[in-house]
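In my numbering, the protein residues as written are 4 to 274.
Every residue, glycine too, gets a C-beta built ideally from N, C-alpha and C.
Read through the structure below, which is laid out as structure tokens, and then see the notes.
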Amino acid sequence: MSDGDDEDTDGGEFGMSVGEDGEVTFVGRPPWGTKAAKIPVNSKASKGPVEDRRHMLHWGEQLRPILASVMTAMFQLHGRSGPAIEKALRDPLKGRVQRIVGTDAHAIAERVAKEINGAVINLVADRADMNKAIEHVRARVRNLTRRLTDDPALTAKVAKAMREPFPNDAIMDVYLDEAAQELLGGTSDSTAIKSQVQDIGFQIVGLVQSCRAPCDFVMMLHHVADSVTFDLSQKAEREQTRRTLEWLRRMEANVREPADIRYEALLTLLD
4 MSDGDDEDTD
14 GGEFGMSVGE
24 DGEVTFVGRP
34 PWGTKAAKIP
44 VNSKASKGPV
54 EDRRHMLHWG
64 EQLRPILASV
74 MTAMFQLHGR
84 SGPAIEKALR
94 DPLKGRVQRI
104 VGTDAHAIAE
114 RVAKEINGAV
124 INLVADRADM
134 NKAIEHVRAR
144 VRNLTRRLTD
154 DPALTAKVAK
164 AMREPFPNDA
174 IMDVYLDEAA
184 QELLGGTSDS
194 TAIKSQVQDI
204 GFQIVGLVQS
214 CRAPCDFVMM
224 LHHVADSVTF
234 DLSQKAEREQ
244 TRRTLEWLRR
254 MEANVREPAD
264 IRYEALLTLL
274 D
């Protein structure tokens, strides 16, 4: 995808498959739709800081899993093909999406994925160096979170700390040391991006240093992995942040509701 768009690089051509059981799988990442492509960005350094477009809710971490879950529910309810699933997918798009090319359910579902990926409310045009730095930091936070349970050397340090007279304090010393090494380490990127990574890293280290217990530390890491996207998006408006987070909470809470209700809720990101 163009514009240096965010987080988890998802190479390959975008596509969707529907299994015999109705299970929907998305691969790749959709190209920008017309509305997303019209979001102005500065691409010339001579006119100021170079900008690109970035998701606030990310394709690989939030949008794609939600889309796959909702579409699976729709195909399992209405069938893998035929008038019922086509109508169920198409009718709620009226007033939201123009000129749907292709009438079969597969084409409609792929179009929905493209529109959700390019929902204007979920995109922010900001400095390219800041956008890249945010993604570097998010990757480091995710790696640190993973290492807390998967890194043998780190888990051995924690096991040793648990035998100390004050185990919570000892474990926190281990965690904070690892956080500093992970979040404040160097990067091979340009000086501008490197500087941003360091600045954001110092902010996060300051946050985790306030944690009193290991469980608080872990919860803080999960929080900052997402919040860094919103809190540091200088051009993201307050209303934009509120709406995208409300949409995410709604979609996370409605997993047991009927497929059609979930599909309608999914499409509110386009409103």
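| query | result |
| --- | --- |
| Here's the rule I'm using: 16 or more other beta-carbon atoms within 10 Å means buried, otherwise exposed. How should Phe169 be labelled? | exposed |
| So is Ala162 buried or exposed if we call it buried at 16+ other beta carbons inside 10 Å? | exposed |
| Specify the secondary structure class of Met19 as computed by DSSP and reduced to three states. | strand |
| From the beta carbon of Arg130, is the nearest beta carbon of chain C less than 7 Å away? | The question asks about chain C, but that chain is absent: this structure has only one protein chain. |
| Quick one, are the C-beta atoms of Met74 and Val30 less than 7 Å apart? | no |
| With distances taken Cα to Cα, identify the nearest neighbour of Asp229 among Leu60, Thr194, Arg150 and Ala87. | Leu60 |
| Taking the C-alpha atoms as reference points, what is the distance between Gly36 and Val221? | 37 Å |
| Counting pairs of Cβ atoms below 8 Å between the region 127-134 and the region 192-202, do you hit three or more? | yes |
| Between the C-alpha atoms of Gln212 and Ala173, what's the straight-line distance to the nearest angstrom? | 13 Å |
| Looking only at C-alpha atoms, which of Asn45, Arg67, Arg93 and Ala159 sits nearest to Glu255? | Arg67 |
| Quick one, are the C-beta atoms of Leu272 and Ile119 less than 7 Å apart? | yes |
| Is Pro155 a contact residue of the ligand NAP, with contact defined as CB to any heavy atom under 6 Å? | In the structure on display, the ligand NAP does not appear, and there are no ligands present to speak of. |
| If you measure between the beta carbons of Val227 and Val144, is that distance less than 7 Å? | yes |
| Using CA coordinates, which residue listed in Gln79, Ile124, Val123 and Gly98 is at the minimum distance from Ala108? | Gln79 |
| Buried or exposed for Lys38, going by 16 or more other Cβ atoms inside 10 Å? | exposed |
| How big is the Cα-Cα spacing for Val258 and His225? | 21 Å |
| Since Ile124 contacts Thr247 with CB under 8 Å, what's their CB separation in whole angstroms? | 6 Å |
| Using 8 Å as the Cβ pair cut-off and three pairs as the minimum, do the region 82-99 and the region 149-168 touch? | no |
| Extract the residue ranges of the beta strand (DSSP E) inside the region 54-130, only unbroken runs of 3 or more that lie entirely within it. | 54-58 and 126-130 |
| Please classify Arg252: is it buried, with 16 or more other beta-carbons within 10 angstroms of its beta-carbon, or exposed? | exposed |
| With which residues is Val30 paired in a DSSP beta bridge? | Gly18 |
| Quick one, which of Ala40, Met223 and Glu242 has its alpha-carbon nearest Arg56's? | Ala40 |
| In the structure shown, what three-state DSSP assignment does Gln212 receive? | coil |
| Taking the Cβ atom as the reference point for each residue, do Ile69 and Leu92 lie within a distance shorter than 7 Å? | no |
| Taking the Cβ atom as the reference point for each residue, do Leu186 and Ile207 lie within a distance shorter than 7 Å? | yes |
| So Glu260 is in the alpha helix (DSSP H); what residue range does that whole segment cover? | It is not in any alpha helix (DSSP H) - Glu260 carries neither H nor E in the DSSP assignment. |
| Where does Pro261 land, buried or exposed, given buried means 16+ other C-beta within 10 angstroms? | exposed |
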